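Enquirer: Note that UniProt numbering numbers the sequence shown so that position 56 is 56, with each residue one more than the last. Questions regarding the structure given below will be posed in turn.
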Amino acid sequence: TIMLLINHVQLQLNYDYSDQHFFQLQLNYNLFFYFFILSSESRLQLCSQLLKFSDVMRDYHQAQVSFRDKCKAQIQRKLEIVDKTISNEEMEEMLHCDDLTLFISDAHISKRALTEIESRHRDIICLESSIKELQEVFADTAMLLETQGDLINNIEKNVSKAAEYVEVSRAETNKAVQYKKHWYKIASIPSFLKPLRRQSSVKTAAGHNSEVKTSK
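Here's what the structure looks like:
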């Protein structure tokens with residue numbers, strides 16, 4: 001049981017929690033700012049949010065590192081109970097080596113101490129899982145932005161062109177409305193002049209009849 005526990009602890013502590021992973025996360029989320037070309041106001045808002053996000057990620061990374069160190073310290077204290085006093089460097093060296101006999105030789109670990117080590121082991125597993133999931137999320141997001149970056153830029157261009165087309169269409173529509181109103185005015189003139197034309201025709205006919213009578 002102790003051998004299996006130590007194997008699990010070694011696998012979990014072999015995970016590299018160096019600053020390289022944190023910088024990789026920063027590089028991944030910086031792609032947001034590179035690909036999303038928004039308006040000036042939106043860019044300022046996005047930049048402000050990214051700065052806040054950077055601070056949160058830095059604090060989160062520091063909390064994870066502190067929690068890992070705390071778990072290692074608790075495991076080390078449990079080993080000291082059975083007279084296995086080791087330094088932090090020796091702890092790291094043993095966790096990264098293949099010879100695990102140093103952990104279990106002459107070590108009669110009590111049930112309570114073993115329970116504490118198992119608890120710290122579960123904490124380390126959860127910690128690694130959360131970091132791994134977070135890394136995968138940012139890696140997938142970075143890959144998505146990288147593959148879809150051109151498409152996003154094209155969408156922005158198309159939206160800008162569509163806005164221009166809308167303005168042109170609006171102007172043409174206004175011209176068409178004005179032209180239609182003007183055409184209605186022109187078309188209504190003949191119907192308005194019909195009574196005048198009828199009166200003129202009646203007068204002309206009456207004058208012609210009077211001339212005929214006079215000539216007789």
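Every residue gets a Cβ at the ideal spot worked out from N, C-alpha and C, and that includes glycine. Bear in mind the structure is a predicted one, so any value in this text is a computation, not a measurement.
Can you grab the Cα-Cα spacing for the pair R77 / E90, in whole Å?
Expert: Taking the first residue of the sequence shown as position 1, residue 77 is located at position 77. Taking the first residue of the sequence shown as position 1, residue 90 is located at position 90. Distance between the alpha carbons of R77 and E90: 14 Å.
Enquirer: On the three-state DSSP scale, how would you describe S129?
Expert: For the purposes of this step, residue 129 is taken as the residue at position 129 of the sequence shown. If DSSP states are grouped into helix, strand and coil, S129 belongs with the helices.
Enquirer: Would I131 and C71 be called neighbours here (beta carbons separated by less than 9 Å)?
Expert: For the purposes of this step, residue 131 is identified with residue 131 of the sequence shown, where counting begins at 1. For the purposes of this step, residue 71 is identified with residue 71 of the sequence shown, where counting begins at 1. The answer is no: Cβ separation not under 9 Å.
Enquirer: Roughly how many angstroms separate the alpha carbons of V56 and E164, rounded to a whole number?
Expert: As a position in the sequence shown, residue 56 is number 56, starting the count at 1. As a position in the sequence shown, residue 164 is number 164, starting the count at 1. Computed Cα separation, rounded: 40 Å.
Enquirer: By a C-beta neighbour count over all protein chains shown, 10 Å radius and 16 as the cutoff for buried, is R122 buried or exposed?
Expert: Reading the sequence shown from its first residue, position 122 is the one you call residue 122. Answer is exposed; the Cβ neighbour count stays below 16.
Enquirer: Does the distance from the CB of R68 to the CB of L127 come in under 9 Å?
Expert: One-based indexing of the sequence shown puts residue 68 at position 68. One-based indexing of the sequence shown puts residue 127 at position 127. Yes.
Enquirer: Using the Cα positions of S66 and D59, report the straight-line distance between them to the nearest angstrom.
Expert: Reading the sequence shown from its first residue, position 66 is the one you call residue 66. Reading the sequence shown from its first residue, position 59 is the one you call residue 59. If I take the Cα positions, the gap works out to 10 Å.
Enquirer: Using the beta-carbon count (16 or more within 10 Å), is R170 buried or exposed?
Expert: Position 170 of the sequence shown, counting from 1, holds the residue named residue 170. So R170 counts as exposed.
Enquirer: Since Q74 and R120 should fall inside the 8 Å C-beta cutoff, what is the C-beta to C-beta distance between them, to a whole number of angstroms?
Expert: As a first step, residue 74 must be located in the sequence shown, where it is residue number 74. As a first step, residue 120 must be located in the sequence shown, where it is residue number 120. Between R120 and Q74 the Cβ distance is about 5 Å, and since that is below 8 Å, they are a contact.
Enquirer: With DSSP collapsed to three states, give me the class of I124.
Expert: Numbered from its first residue, the sequence shown carries residue 124 at position 124. Looking at I124 - three-state DSSP - the assignment turns out to be helix.
Enquirer: Alpha carbon to alpha carbon, how far is V168 from K52?
Expert: What you label residue 168 is simply residue 168 of the sequence shown in a count that begins at 1. What you label residue 52 is simply residue 52 of the sequence shown in a count that begins at 1. If you take the alpha carbons of V168 and K52, they lie about 41 Å apart.
Enquirer: Just the Cα atoms here: how many angstroms apart are E172 and Q178?
Expert: Your numbering for residue 172 matches position 172 in the sequence shown. Your numbering for residue 178 matches position 178 in the sequence shown. In a straight line, the C-alpha of E172 is about 10 Å away from that of Q178.
Enquirer: Where does S87 fall in DSSP's three states?
Expert: For the purposes of this step, residue 87 is taken as the residue at position 87 of the sequence shown. S87: coil per DSSP, three-state reduction.
Enquirer: How long is the line joining the alpha carbons of N88 and L79, rounded to whole angstroms?
Expert: What you label residue 88 is simply residue 88 of the sequence shown in a count that begins at 1. What you label residue 79 is simply residue 79 of the sequence shown in a count that begins at 1. About 12 Å.
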